[in-house]
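In the numbering used here, the protein residues as written are -7 to 260.
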Amino acid sequence: MSNLLTCQNLSIVHQQKKLLEIQEIAFEQGKFTAIIGPNGAGKTTLLKALSGNNAQTNSAVFYQHQRLTDLNGYALAQKRAMLSQQSQIAFPLKVEELVQLGREPYRQSEFAKFNEKITAWAMETMSLTALKERSSIQLSGGEQHRAHIARVLAQLVPEPNADLSGSWLLLDEPTNHLDIHHQYQLFSLLQKLKQQGLTIIAILHDPALAINQADHILMLKNGEKFAEMSAKAIAESCLLDELYEMKMGCRYCPHSGQYYLCPALAES
């Protein structure tokens, strides 16, 4: 399968400090790539570059062989959605109104007729239908986060059962504030969207979650690419130990088919 996004000679410097220096990386269409690494590795900086919102990096990021700078604002917003670590709510919007903001890129398009239906679907998907009339500032942290996920979904999906093979979703620590039920609900949804062709790129702080959910893992350290390979290959290597500078104790459970980490058992 072809690459949806590629970065070439990506260099980001702020106040004479190197934040990111990557010669080349590629993100395969229709795959789930997890970005992992210690604090300050450049993960969020890379995700922002892939969003097309950083004029400093747009010429180094390519979407299907064209620079992101070649996409106008509406075209970019219809193809790419991003969930930040912390999404602020500046006005006391109702939950439904907040989710509807995701439909803004389609206001003047043929997909505008689906605005109401997609908004309702996004709220139902994130278990928010019963809260749709509530003020967003009265929500708990987890409920607010789910509302922003629903907003991103409403932006990403133009119409029911859409082919998402040309679209990409960027997630910065998407499990923030979510209880375990809603975490699994989210990742189940991501797997379904991937089946519709969506390319998913997510920063995850839990390496075990990255291994179990992603197809591919990109490791960053000190603003550089440390390694990248399939999730299974990462799990069966010693790269996690080297990345985090500690024994991670990655184990495989044949009964669940899942990997888990036991750092305390790493020396045994």
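Where is the CB? At the ideal position from N, CA and C, for every residue including glycine. Fair warning: this is a prediction, and the values are worked out from it, not measured in the lab.
- A residue is called buried once 16 or more other Cβ atoms fall within 10 Å of its Cβ, and R138 is buried on that count.
- Taking C-beta atoms as the reference points, S(-6) and E20 count as a pair closer than 9 Å.
- In this model, L231 and T121 are separated by some 43 Å (Cα to Cα).
- The Cβ-Cβ distance between L11 and G34 falls below 9 Å.
- F54 and L170 have their C-alpha atoms some 33 Å from each other.
- Taken atom to atom, the span from the alpha-carbon of A41 to that of T49 is near 6 Å.
- Contact between V91 and A114 is confirmed by a C-beta separation of about 5 Å, below the 8 Å threshold.
- By the Cβ neighbour-count rule, V149 is buried, with 16 or more other Cβ atoms within 10 Å of its own.
- In this structure, the CA atom of Q147 is about 18 Å from the CA atom of Q77.
- Taking the Cβ atoms as the reference, L178 lies roughly 18 Å from I209, outside the contact range of under 8 Å.
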